[in-house]
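Going by full-length UniProt numbering, the letters in the sequence shown line up with residues 1 to 542, in that order. Just so you know, even glycine gets a beta-carbon here, dropped at the ideal spot from N, CA and C. Beneath this line is the structure, given in structure tokens, with notes to follow.
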Amino acid sequence: MVSQLRRIEFLHHIFSDPSVTGEVILNTAIVSYYETRVFLYSNNKTRPFVPFSCSVAKFGRLIPDFCLVGEKIQESRIKCAKSVQDFKFNKKRVRLLNEVEEFLEGSQGVLYWMVRDQRVQDNWAMLFAQRLALKEKTSLHVCFCVVVPFLEATKRHYDFLLNGLKEVEKECCNLDIQFHLLKGDPSSEVSSLVKELNIGAVVTDFSPLRLPRKWLTDLTENLPKNVGLCQVDTHNIVPCWITSEKQEYGARTIRNKIHSQMCNFLTEFPPVIKHPHEAKTEAKPTDWNTIIGKSDTDEAVKPVDWAKPGTAAGHATLESFCNERLKHFATERNDPTKNSLSNLSPWLRFGHISPQRCILVVKKFQKSHKNSVDAFVEEAVIRSELADNYCYYQKDYDNINGAYEWARNSLKQHAKDKREYIYSRKEFEEGKTHDQLWNAAQIQLVKEGKMHGFLRMYWAKKILEWSTTPSEALEIAIFLNDRYSLDGMDSNGYVGCMWSVCGIHDMGWAERQIFGKIRYMNFNGCKRKFDVNRFIMRYKSK
């Protein structure tokens, strides 16, 4: 009741304050997490506020643009520092990618090339770019380059991507930061923008994956020789290159390395502020309706209703997790019939919210929910940063050659073992196997753009069991995950498939047919852990 009253007071302020513009409150949707009631507000002269009862699941995308956690987070930033200029920035987060150490004299701005981390606040790369621009008393620009096609990305992914970027542009505009949406080959488009705007330095964020790294290598070659280029890891709490200089064997070898550095890197963020230095060349406003409506993408996989893109929606999901589900996370996170997961993976994958912010917020519940907080930190920090470590140091992160030698040899020995069932990629994709639990998990993935974490393991291991070869199984698992999951095409997804099929970050187990020494999972094991029939019935009719 107290939380609801606080929400009502906050809403009253938003809707009655004449200084709050229609642009800010237009289409704001307020979701009560304590009742299945959604309040829609649309701005007009009479300012109607119309409540109606409905299913939160049905209107899942109507997450508030304003939520209490967002308000508290901004207060925390301001308490930390007035701006990044007043903040002791840890330069270990940054590394130079070329030999230019000085800002180009006579240039007219700093450019942040946004790639993996698509947000304004809680973004060390954005903060470092503003720090440099403030120091040089010059303008600040942000660009993002849309690449079509990109791996297995579909309408589902591009809708989430572009609507999130729409929020980024709006926030940049409010902060007098120029946002440029590009399309095409990133290295050539970004280098052209640098020349057009007379940029003096480029800052970018970090990805361990093959394609973004190639774009960065190409940009290094295409940039004017006197323009500096640096990279900031704003995705991992401890920068990937600081945690380890090699591929780590597993969680047990990387855990202490991360924890020993957390005190140096797990800090509050200062705010990105309204930029005081005007740009000589303003960015062209983006026609989002045209771009989102005509994105030249695979239309077969539709956007989902439960996840609204953008930082505000991500923070709202974080708030609901902390208030409603965190207390059950330690004991129920492996039960697909319970709603105990954070559900944050889409926003984390697109960088709409910061993993570091999630940890700062969740750790406030350490006293009341210690086991759940510890379990969340293990998954959101240790396992996630281990995945980045693997993809960064292992060039074959998405094929059999990236497996440990013992796993490759074991799978090879059993590659010709007789399979009781063999399915094609199409049969897997359509959920047409003999196993109703597997089919239900696949239907969840296709319809909701997300599969429960425990079932992802079972799902991928059964693809290994029912495919002609381990290599084919891995290809199918990665294809389906990348095509349908909102958090696909990311290090966590690749490592999840590699763990299930190739034993990455695992150990050898008792040898058996088909699997060799790869850890085995079966239907009866699932029955012992949760109500399998309940999960099957939930998705059987879809």
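On the DSSP letters alone, give me the boundaries of the alpha helix (DSSP H) that residue i sits inside.
i: Arg210; result: Arg210 to Asn222
i: Cys358; result: Pro355 to Val362
i: Phe376; result: Lys370 to Val377
i: residue 571; result: Residue 571 falls outside the range modelled here, since the chain spans only 1 to 542, and no answer is possible.
i: residue 579; result: In the structure as shown, the chain begins at 1 and stops at 542. Residue 579 is therefore absent and cannot be evaluated.
i: Lys391; result: According to the sequence as given, residue 391 is Cys; it is not Lys. Note, Cys391: alpha helix (DSSP H), Ser384 to Tyr393.
i: Val190; result: Pro186 to Leu197
i: Gln178; result: Where Gln178 is concerned, there is no enclosing alpha helix (DSSP H), although the beta strand (DSSP E) it sits in stretches over Gln178 to Lys183.
i: Asn123; result: Here Asn123 belongs to no alpha helix (DSSP H), and DSSP marks it neither H nor E.
i: Asn439; result: Gln436 to Glu448
i: Ser345; result: Ser345 to Arg349
i: Gly293; result: Trp288 to Gly293
i: Gln366; result: From DSSP, Gln366 is part of no alpha helix (DSSP H); its letter is neither H nor E.
i: Thr297; result: Per DSSP, Thr297 belongs to no alpha helix (DSSP H) and is neither H nor E.
i: Ala283; result: Ala283 -> no alpha helix (DSSP H), and no H or E assigned at all.
i: Arg425; result: Arg425 to Glu429
i: Ile422; result: That residue, Ile422, is in no alpha helix (DSSP H); it is neither H nor E in DSSP.
Hey, how far is the Cα of residue i from the Cα of residue j?
i: Phe454; j: Pro271; result: 37 Å
i: Gly22; j: Arg456; result: Model confidence at Gly22 stands at a pLDDT of 37, short of 50, so the residue's coordinates are unreliable; what they give is reported in the following sentence. Roughly 43 Å between the two C-alpha positions.
i: Gly431; j: Ser187; result: 39 Å
i: Gln513; j: Ser467; result: 13 Å
i: Ala125; j: Val142; result: 11 Å
i: Arg519; j: Ser424; result: 23 Å
i: Lys540; j: Thr138; result: 58 Å
i: Asn399; j: Arg408; result: 11 Å
i: Glu319; j: Ala510; result: 43 Å
i: Tyr390; j: Glu196; result: 37 Å
i: Gly184; j: Lys214; result: 14 Å
i: Ser207; j: Ser345; result: 16 Å
i: Leu229; j: Asp205; result: 11 Å
i: Arg131; j: Pro285; result: 25 Å
i: Asp159; j: Ile292; result: 7 Å
i: His434; j: Ser191; result: 53 Å
i: Lys527; j: Asn163; result: 40 Å
i: His414; j: Asn522; result: 18 Å
i: Asp531; j: Ala330; result: 18 Å
i: Cys358; j: Leu181; result: 28 Å
i: Gly493; j: Leu411; result: 21 Å
i: Gln436; j: Ile258; result: 40 Å
i: Gln442; j: Val301; result: 14 Å
i: Ile254; j: Ala387; result: 11 Å
i: Asn465; j: Asp487; result: A small correction: the amino acid at residue 465 is Glu; Asn does not occupy that position in the sequence shown. Approximately 24 Å between the Cα atoms of the pair.
i: Gln231; j: Lys338; result: 40 Å
i: Pro303; j: Ser244; result: 37 Å
i: Lys225; j: Ser107; result: 13 Å
i: Glu136; j: Glu278; result: 13 Å
Going by CA-CA distance only, name the one from the options that's closest to residue i.
i: Tyr249; options: Arg512, Ser467, Ile382 and His434; result: Ile382
i: Trp406; options: Ile504, Cys230 and Asp298; result: Ile504
i: Thr281; options: Val110, Glu324 and Ser340; result: Val110
i: Val203; options: Lys214, Leu96 and Leu209; result: Leu96
i: Phe179; options: Trp288, Ala81 and His157; result: Trp288
i: Ala380; options: Leu341, Gly449 and Asn401; result: Leu341
i: Ile273; options: Ala477, Leu127, Asn492 and Val501; result: Leu127
i: Leu134; options: Val304, Leu182 and Asp176; result: Asp176
i: Trp113; options: Leu474, Val194, Lys529 and Val94; result: Val194
i: Glu475; options: Pro346, Trp438, Asn401 and Gly70; result: Asn401
i: Val501; options: Tyr458, Asn339, Ser107 and Phe523; result: Tyr458
i: residue 543; options: Ala201, Arg116, His259 and Asn339; result: Any question about residue 543 goes unanswered here, given that the chain covers just 1 to 542.
i: His369; options: Ser485, Glu378 and His328; result: His328
i: Ser83; options: Lys302, Leu211, His275 and Val227; result: His275
i: Gly525; options: Glu245, Lys461, Met537 and Arg210; result: Lys461
i: Pro355; options: Ala375, Ser384 and Lys367; result: Ser384
i: Asp336; options: Phe103, Asn533, Ile73 and Leu104; result: Looking at the sequence itself, residue 336 is Pro, so the reference to Asp does not match. Residue Asn533 is the option with its Cα nearest to Pro336.
i: Leu140; options: Ala283, Gln442 and Glu75; result: Ala283
i: Tyr375; options: Gly351, Ile353, Tyr392 and Glu332; result: Note that residue 375 is Ala in the sequence shown, not Tyr. Checked all of Gly351, Ile353, Tyr392 and Glu332; the closest Cα to Ala375 is Glu332.
i: Ile463; options: Leu209, Ala477 and Gly351; result: Ala477
Any heavy atom of the ligand ZN inside 7 Å of the beta-carbon of residue i?
i: Trp347; result: This structure lacks the ligand ZN, and indeed carries no ligand of any kind.
Please report the residue range of the beta strand (DSSP E) in which residue i lies.
i: Tyr112; result: Val110 to Trp113
i: Ala201; result: Ala201 to Asp205
i: Cys230; result: Gly228 to Val232
i: Phe144; result: Leu140 to Val146
Query - beta strand (DSSP E) runs contained entirely in the region 70–98, provided each spans 3 or more residues - result: When DSSP assignments are scanned along the region 70–98, the uninterrupted stretches of beta strand (DSSP E) that are 3 or more residues long and fall wholly within it turn out to be 94–96.
Query raised in the report: So does the region 261–269 actually touch the region 219–239, counting three or more Cβ pairs closer than 8 Å?
Result: With a cut-off of 8 Å, the region 219–239 and the region 261–269 count as touching, because enough Cβ pairs lie within range.
**Report entry** Every unbroken alpha helix (DSSP H) within the region 457–539, with a cutoff of 4 residues, ordered by chain
**Finding:** Complete alpha helix (DSSP H) runs here, min 4: 470–484, 491–502 and 523–529.
Query raised in the report: Are there three or more Cβ pairs, one per stretch, closer than 8 Å when the region 117–128 is compared with the region 168–183?
Result: Touching, per the Cβ criterion.
Query raised in the report: Taking contact to mean at least 3 C-beta pairs separated by less than 8 Å, is the region 410–427 in contact with the region 513–526?
Result: Judged by Cβ distances under 8 Å, the region 410–427 makes contact with the region 513–526, as three or more pairs qualify.
Query raised in the report: Counting Cβ pairs, one atom from each stretch, are 3 or more of them under 8 Å apart for the region 491–501 and the region 475–483?
Result: With the cut-off at 8 Å, the region 491–501 and the region 475–483 touch.
Query raised in the report: Do the region 213–225 and the region 93–108 make contact, defined as three or more Cβ pairs closer than 8 Å?
Result: Contact between the region 213–225 and the region 93–108 is established, with three or more Cβ pairs separated by less than 8 Å.
Report task. Would you check if the region 307–323 and the region 153–170 touch, i.e. whether three or more CB-CB distances between them fall below 8 Å? Result -> At 8 Å Cβ cutoff, the stretches touch.
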